[in-house]
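For the sequence shown, the numbering used here assigns the number 153 to the initial residue and increments by one for each residue that follows.
All residues carry an ideal CB built from backbone N, CA and C; glycine is no exception.
Notes follow the structure.
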Amino acid sequence: PLAQEGLVKWALCGHWGQSPRISELAEQNKIAAYNYPQGVLTQTLRASAAHQPGILSDIGIGTFVDPRQQGGKLNDVTKEDLIKLVEIDNKEYLYYKAIAPNVAFIRATTCDSEGYASFEDEVMYLDALVIAQAVHNNGGIVMMQVQKMVKKATLHPKSVRIPGYLVDIVVVDADQTQLYGGAPVNRFISGDFTLDDSTQLTLPLNQRKLVARRALFEMRKGAVGNVGVGIADGIGLVAREEGCADDFVLTVETGPVGGITSQGVAFGANVNTRAILDMTSQFDFYHGGGLDVCYLSFAEVDQHGNVGVHKFNGKIMGTGGFIDISATSQKIIFCGTLTAGSLKTEITDGKLNILQEGRVKKFVSELPEITFSGKIALERGLDVRYITERAVFTLKQDGLHLIEIAPGVDLQRDILDKMDFSPVISPDLKLMDTRLFTDSTMGFTLPDATH
153 PLAQEGLVKW
163 ALCGHWGQSP
173 RISELAEQNK
183 IAAYNYPQGV
193 LTQTLRASAA
203 HQPGILSDIG
213 IGTFVDPRQQ
223 GGKLNDVTKE
233 DLIKLVEIDN
243 KEYLYYKAIA
253 PNVAFIRATT
263 CDSEGYASFE
273 DEVMYLDALV
283 IAQAVHNNGG
293 IVMMQVQKMV
303 KKATLHPKSV
313 RIPGYLVDIV
323 VVDADQTQLY
333 GGAPVNRFIS
343 GDFTLDDSTQ
353 LTLPLNQRKL
363 VARRALFEMR
373 KGAVGNVGVG
383 IADGIGLVAR
393 EEGCADDFVL
403 TVETGPVGGI
413 TSQGVAFGAN
423 VNTRAILDMT
433 SQFDFYHGGG
443 LDVCYLSFAE
453 VDQHGNVGVH
463 KFNGKIMGTG
473 GFIDISATSQ
483 KIIFCGTLTA
493 GSLKTEITDG
503 KLNILQEGRV
513 KKFVSELPEI
523 TFSGKIALER
533 GLDVRYITER
543 AVFTLKQDGL
553 HLIEIAPGVD
563 LQRDILDKMD
573 FSPVISPDLK
583 LMDTRLFTDS
593 TMGFTLPDAT
603 H
């Protein structure tokens, strides 16, 4: 209801994809539009709460949020610079301006008569606290929706996430549902119940499972990883099938630690979660290089190893946590299909058969805007892989190297002709592991961290 022409002047978002009307206004140049990395955005809210002017970070260097590129501006009518390049002790940083918000809409499950709120039925905490603090400390109004209200001081203090003095208005909606999955209250994703392994979904053998299986080969025992939305989100289910899901920890930027990642519109909510952090703290861990590996879906890749996800085909999707996660993870696994648009494949007799080729090439010569910088990743010594249903690439100083192809595909016809540039073909080019193409468990054993 807020996304009305003439009502909204400008918007600063982390992820735009779930707000299609706001995105349309930005695409039509009817509002000024900015995109901060999701983690940076939540940290600037924390800075605003402390009356700090902004934050310094090396997250985003070399991407479209870098002022030497687009500076996070998403259309032609966006003029004001919110991001600056600065140098401290001979190192480059981006200065992200903190915006002082004056209205907040947050939600919780229960509050007492003085506004002290708990989140017991919610899937996660997100950044509700820093939003409320930022708005309150800048003289604004905090409005909170809850499912029920109880007597004063009857909530357990350790369950309270929002103190009442931050809240100005409470709206009680007895029919309030969870934001994830469409259920009134799903006790599995709220963390109240655990799901037995035998009842969990088994993915059918298709290109999505094939990519997730090959991505799992990059995991190591004891690793801490992140998994992103899209084709990458099947890795947890594949690991559960192989009996190795408990040998590593997958996290999601929204706060969950451990468990199995939900798919589709419920992404961001985990089943059998071990812990749930606030989103700001999760991103602090990511920014500091805490991730051993991340699994992210890609929209486009160019010859320099750059990846684009925030804007394509004229549509604004936003970066979400993509930049925050990929900037410092020691190993970065990009997952996707080689082409898009009506691609149809099947896996039979241990081979990949392409029944109908995708209309759109996803490996292009040059990206107009960059969400992940291959150059910066190489400078930071990060290990980068690109896994598709028919080919696996790795990033080196001279560009993408093709290191594996699927059995059943033709190198020239099915791979090289479907790319707008020529990758370096590894002299050790090999077939992808035959276990990936079997309609049964692979018998995969997770390697130790030293391998």
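C-alpha distance - Phe400 paired with Lys483, whole-angstrom precision: 14 angstroms
Quick check: does the Cβ of Lys182 come within less than 6 angstroms of any heavy atom belonging to the ligand PLP? In the structure on display, the ligand PLP does not appear, and there are no ligands present to speak of.
Please return the same chain residues whose Cβ sits closer than 7 angstroms to the Cβ of Asn290, not counting the five positions on each side in sequence. Ser200, Ala252, Pro253 and Asn254
At what residue ranges does the segment 563-590 contain a whole run of the beta strand (DSSP E), taking only runs of 3 or more? 576-583
Taking three-plus beta-carbon pairs below 8 angstroms as touching, is the segment 488-507 in contact with the segment 579-593? yes
Whole-angstrom C-beta distance between Val516 and His553, which should lie under 8 angstroms: Wrong, their Cβ atoms sit about 17 angstroms apart, outside the cutoff.
Cβ separation of Val445 and Ser481, assumed to be a contact under 8 angstroms, to the nearest whole Å: 6 angstroms
Beta strand (DSSP E) containing Val324: first to last residue? Ile321 to Val324
Counting along the chain, where does the alpha helix (DSSP H) carrying Ala284 start and finish? Ala280 to Asn289
Report the rounded CA-to-CA distance for Gly420 versus Gly380, giving the unit in angstroms. 9 angstroms
Please list the terminal residues of the continuous alpha helix (DSSP H) segment that includes Glu179. Pro172 to Glu179
When you compare only the Cα positions, how much space is there between Leu281 and Cys263? 14 angstroms
What do you get for Ile240, buried or exposed, if any count of 16 or more other CB atoms within 10 angstroms of its CB means buried? exposed
How about Ala250 and Ala284: are their beta carbons less than 7 angstroms apart? no
Ala601 versus Leu534: straight-line alpha-carbon distance, rounded: 16 angstroms
Assuming Ser209 is part of the alpha helix (DSSP H), what are its boundary residues? Ser209 -> not in any alpha helix (DSSP H); beta strand (DSSP E) instead, spanning Gly206 to Ser209.
Using beta-carbon positions only, say whether Gly410 and Thr425 come within less than 7 angstroms of one another. yes
Ends of the alpha helix (DSSP H) at Gly388? Ile387 to Glu394
Give a yes or no on whether the C-beta atoms belonging to Asp228 and Asn187 are separated by under 7 angstroms. no
Considering only their Cβ atoms, is the gap separating Val287 from Tyr248 smaller than 7 angstroms? no
Report buried or exposed for Glu541, applying the criterion of at least 16 other Cβ atoms within 10 angstroms of its Cβ. buried
If the criterion is Cβ atoms closer than 7 angstroms, does the pair Phe216 and Glu509 meet it? no
Own chain, CB closer than 7 angstroms to Ser578, minus 5 neighbours either side, in chain order: His553, Leu554 and Ile555
Give the straight-line distance between the Cα atoms of Leu234 and Ser171, rounded to the nearest whole angstrom. 22 angstroms
Quick one: residues in its chain with C-beta nearer than 6 angstroms to the C-beta of Gly526, no 5 flanking neighbours on either side, listed in chain order? His456, Gly457, Asn458 and Leu547
Relative to the alpha-carbon of Phe340, which residue among Phe464, Asp436 and Val275 has its alpha-carbon at the smallest distance? Val275
Just the C-alpha distance for Val363 and Val561, rounded to the nearest angstrom, thanks. 15 angstroms
Residue nearest to Leu307 in terms of C-alpha spacing, selected from Ala384, Asp572, Gly267 and Lys496: Gly267
Please list, in chain order, all residues of the same chain as Thr346 whose beta carbon is under 7 angstroms from its beta carbon, the five residues on each side excluded. Asn424
Residues bridged to Lys496 (per DSSP): Gln508
Please identify the residue among Val322, Cys487, Leu353 and Arg511 whose C-alpha is closest to the C-alpha of Ile293. Val322
Can you tell me which of the three DSSP states Asp241 falls into? coil
By the three-class DSSP mapping on this structure, what secondary structure does Gly212 have? coil
Kindly indicate the opening and closing residues of the beta strand (DSSP E) around Thr597. Run containing Thr597: none; DSSP gives neither H nor E here.
Under 7 angstroms between C-beta atoms of Gly407 and Met431: yes
Using the Cβ count rule (16 or more neighbours within 10 Å means buried), how would you classify His462? buried
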